[in-house]
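When the letters of the sequence shown are read in order and numbered with the working numbering, they come out as residues 422 to 606.
Just below is one structure, and these are the notes that go with it.
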Amino acid sequence: MLKVGIIVGSTRPGRVGEQVAKWVYEQAKGRTDAAFELVDIEEFHLPLLDEPVPPSLGQYSKEHTKAWAAKIAPLDAFVFVTPEYNHSTSGALKNAIDFIYKEWNNKAAGFVSYGSNGGSRAVESLRLIMAELQVADVRAQLLLYLTSDFESYRTFQPKPQHEQSLKNVLDQVIAWGNALKPLRG
Ligand SMILES: Cc1cc2nc3c(=O)[nH]c(=O)nc-3n(C[C@H](O)[C@H](O)[C@H](O)COP(=O)(O)O)c2cc1C
Numbered sequence: 422m423l424k425v426g427i428i429v430g431s432t433r434p435g436r437v438g439e440q441v442a443k444w445v446y447e448q449a450k451g452r453t454d455a456a457f458e459l460v461d462i463e464e465f466h467l468p469l470l471d472e473p474v475p476p477s478l479g480q481y482s483k484e485h486t487k488a489w490a491a492k493i494a495p496l497d498a499f500v501f502v503t504p505e506y507n508h509s510t511s512g513a514l515k516n517a518i519d520f521i522y523k524e525w526n527n528k529a530a531g532f533v534s535y536g537s538n539g540g541s542r543a544v545e546s547l548r549l550i551m552a553e554l555q556v557a558d559v560r561a562q563l564l565l566y567l568t569s570d571f572e573s574y575r576t577f578q579p580k581p582q583h584e585q586s587l588k589n590v591l592d593q594v595i596a597w598g599n600a601l602k603p604l605r606g
């Protein structure tokens, strides 16, 4: 069974990202075509990248890097739940992505973003990053708006139509995650 990680892309105290990621997980977990897991980067307490050797060479020296790599390695595909910070993704998510390399390769990814404008610019920046990591990012994406999908910008109350948009993301992530299996060996 394909394993899909739902990655919480914010570590900020008071973050809304955790609510969004839990909703994604609740929506996804009833599916029978993949297994889903919440992956909270906050739990890994990653410092700013402190590996002396570039991660693409695979010589991880720190325990926190090894723990993070061990979490990502068995997953086949990802849904990145990302906030928009200054027209990009969060520094915390970018840092967590940068820490490792081969654990991302030849896998599929989709995006759920949120912000004043749905977080679309965060997703665009992540798509550039995915190319370098050899991650196949799907077209479908779910944009959530701080003004209409959150009460007082804090409590997540998604519009009902987002369930279908999320399903579209998951359908594509699972299809591509399966298609790339031969490359993962
Ligand atoms: C440093 C920072 C920069 C932000 N920049 C943007 C932005 O460029 N565009 C936007 O729509 N929202 C922006 N926001 C608003 C965030 O999208 C909003 O606070 C959201 O709740 C952050 O996600 P989080 O609560 O999961 O951390 C910014 C928030 C922070 C903290």
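Even glycine gets a Cβ: it sits at the ideal position worked out from N, Cα and C.
Counted as a single uninterrupted DSSP element, the stretch harbouring residue 521 is not any beta strand (DSSP E), since DSSP gives it neither H nor E. One alpha carbon belongs to residue 422, the other to residue 431, and they sit about 28 Å apart. Inclusion of residue 507 in the 8 Å shell around ligand 1 follows from its C-beta lying nearer than that to a non-hydrogen atom of the ligand.
In the three-state reduction of the DSSP assignment, residue 534 falls in the strand class. Of the candidates 482, 456, 529, 529 places its Cα closest to the Cα of residue 605. Sequence-distant partners of residue 461 (beyond 5 residues in either direction) whose C-beta falls short of 6 Å from its own C-beta, in its chain, are 429. In this structure, residue 546 keeps its C-beta atom at 9 Å or more from the C-beta atom of residue 485.
A distance criterion of 8 Å places the beta-carbon of residue 540 in contact range of ligand 1, judged by its closest non-hydrogen atom.
For a cut-off of 8 Å, the C-beta gap from residue 502 to residue 533 is around 5 Å, short enough to register as a contact. With contacts defined by Cβ atoms closer than 9 Å, residue 536 and residue 498 do not form a contacting pair. When the five nearest sequence neighbours on each side are left out, the beta carbons in the same chain lying within less than 6 Å of the beta carbon of residue 480 are those of 474, in order along the chain. In the three-state DSSP reduction, residue 564 falls in the strand class (E or B). Taking every protein chain shown into account, the CB of residue 478 has fewer than 16 other CB atoms within 10 angstroms, so this residue is exposed.
Ranking 469, 435, 584, 576 by CA distance to the CA of residue 562 puts 584 first.
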